[in-house]
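Quick notes on the structure that follows.
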Amino acid sequence: MRLANMRSVMCRLIILFYIFNVQAAMADGCPCELMEKKQTIEASLEVLKKDYEQEPSDINLQNLTHAYAKLEEIKEELEKIENS
Numbered sequence: 000m001r002l003a004n005m006r007s008v009m010c011r012l013i014i015l016f017y018i019f020n021v022q023a024a025m026a027d028g029c030p031c032e033l034m035e036k037k038q039t040i041e042a043s044l045e046v047l048k049k050d051y052e053q054e055p056s057d058i059n060l061q062n063l064t065h066a067y068a069k070l071e072e073i074k075e076e077l078e079k080i081e082n083s
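Be aware that the sequence shown starts at 0, since it is given in numbering that gives the first Met the number 0, and climbs by one per residue.
Structure representation (structure tokens):
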């Protein structure tokens, strides 16, 4: 497995782990935990973007798209918490 692919897989696993934790934080309504998860996913997104730029493949695009979607969910939840 190439290093870029391995990095993409690790970032995907990190994002999936944080998605689980984000869902728990959303249930608790704790914005501090959501902010931490958001920052971690944003950092993972940077790695995924670089991987996609270096090797534009379907799996790298899928990883990137999935991470962006989850980041948007977190942003929406943070906005809901801020507006309540």
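Every residue gets a Cβ at the ideal spot worked out from N, C-alpha and C, and that includes glycine.
- In the displayed model, S43 falls within a helix according to three-state DSSP.
- A residue is called buried when at least 16 other Cβ atoms come within 10 angstroms of its Cβ; K37 meets this threshold and is buried.
- Residue environment for D57: exposed (fewer than 16 other C-beta atoms within 10 angstroms of its C-beta).
- If you draw a straight line from the Cα of K79 to the Cα of I73, it comes to about 10 Å.
- Rounded to the nearest angstrom, the gap between the Cα atoms of E35 and P55 is 29 Å.
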